[in-house]
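A short write-up of the structure that comes next.
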Amino acid sequence: MIGDLLAGLGATPLAAALRASLYAYPLVNAAHILSLAALFGSILALDLRLLGVAKALPVQPLAVLLPRVAAGGLAMAVLTGALLFLVQPVDYAANRFFLAKIGLVAIGTAHAVLVRRSRGWQVVRSPLGIVTRGLRLSALASLLIWTAAIVCGRFIGFE
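Here the sequence shown is numbered in the working numbering, starting from 102 and rising by one per residue.
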C-alpha cells in the first residue's frame with residue numbers, strides 16, 4: 102500500500118519533469134543546499150551566542166532576527182526537499198539515513214517550537230537579554246540535533 106503510494110509519487114508528471122530536465126534537478130538541489138545554509142547558519146550563530154560565544158554581541162536582537170531566518174530556511178528546505186524526494190521516493194523511503202534525517206528535522210523543529218514558548222526565551226528576547234541555564238542547554242541540544250540531521254543528509258547518497 103505505501104509502496105504503491107510512493108511509486109505513484111515517482112510517476113507524477115512533476116517527478117518525471119524533474120528527472121528529464123537537464124537543469125531542474127540541479128537547480129532544486131542548489132536551492133535545497135542554500136536553504137540548509139540559511140537554516141543551519143542562523144541556528145549555529147544563535148545557539149553559539151546563547152552558549153556564551155561572542156558575548157560582546159547583544160543577544161536580544163539576534164534572538165529576534167535569526168529564528169525568522171531559520172524558519173524561512175526550513176520552509177524552503179522542506180519545499181525543495183519534497184521536490185527532491187519525488188525523483189526517487191521508493192529509494193529514499195527505504196534509506197535509513199533519509200529516515201533518520203527526517204526524524205531529526207521533526208525533532209529539531211519541535212524543539213525550536215517548544216523553546217520559543219518557554220519562559221527562558223521570553224527573558225532572552227526582552228531588553229534584559231538574559232540567557233538562562235535552561236536556554237543554554239537547549240542551545241546545545243539544538244546544535245546536536247541539527248548537526249546530526251545534516252550528517253545524516255550527507256550519508257543518504259552512500260547507502
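For every residue, glycine included, the Cβ atom is placed at its ideal position computed from N, Cα and C.
Residues of its chain near residue i, where Cβ-Cβ distance is below 7 Å and the 5 sequence neighbours each way are ignored
i: I144; result: A171, S243 and W247
i: A201; result: C253
i: L158; result: R150
Same chain, Cβ closer than 8 Å to residue i, neighbours up to 5 away in sequence not counted
i: D148; result: A240, L241, S243 and L244
i: I231; result: V224 and V225
i: P168; result: S143, L147, A213 and R217
i: A132; result: M177 and T181
i: V188; result: G111, A116, L119, R120 and Y126
Cβ separation of residue i and residue j, assumed to be a contact under 8 Å, to the nearest whole Å
i: G174; j: A139; result: 3 Å
i: L152; j: R237; result: 6 Å
i: Q161; j: P228; result: 7 Å
i: A250; j: V206; result: 5 Å
Span separating the alpha-carbon of residue i from that of residue j
i: R120; j: F259; result: 20 Å
i: Y126; j: G142; result: 24 Å
i: V154; j: A116; result: 44 Å
i: L135; j: L184; result: 15 Å
i: L106; j: P190; result: 9 Å
i: A112; j: I208; result: 30 Å
i: F199; j: I257; result: 6 Å
i: N46; j: I203; result: Because the chain here runs from 102 to 260, residue 46 falls outside it and cannot be looked at.
i: L166; j: R255; result: 28 Å
i: N196; j: I103; result: 15 Å
i: D192; j: R220; result: 43 Å
i: G109; j: L215; result: 35 Å
i: L137; j: W222; result: 24 Å
Contact with chain C by residue i, beta-carbon distance below 8 Å
i: R120; result: No chain C appears in the structure shown, which is made up of a single protein chain.
Sequence-distant residues of its chain with Cβ nearer than 6 Å to residue i (five each side left out)
i: L163; result: L147 and R150
Self-check item: Every unbroken alpha helix (DSSP H) inside the region 129-213 [4 residues or more]
Solution: Whole alpha helix (DSSP H) segments, 4+ residues: 160-188 and 190-194.
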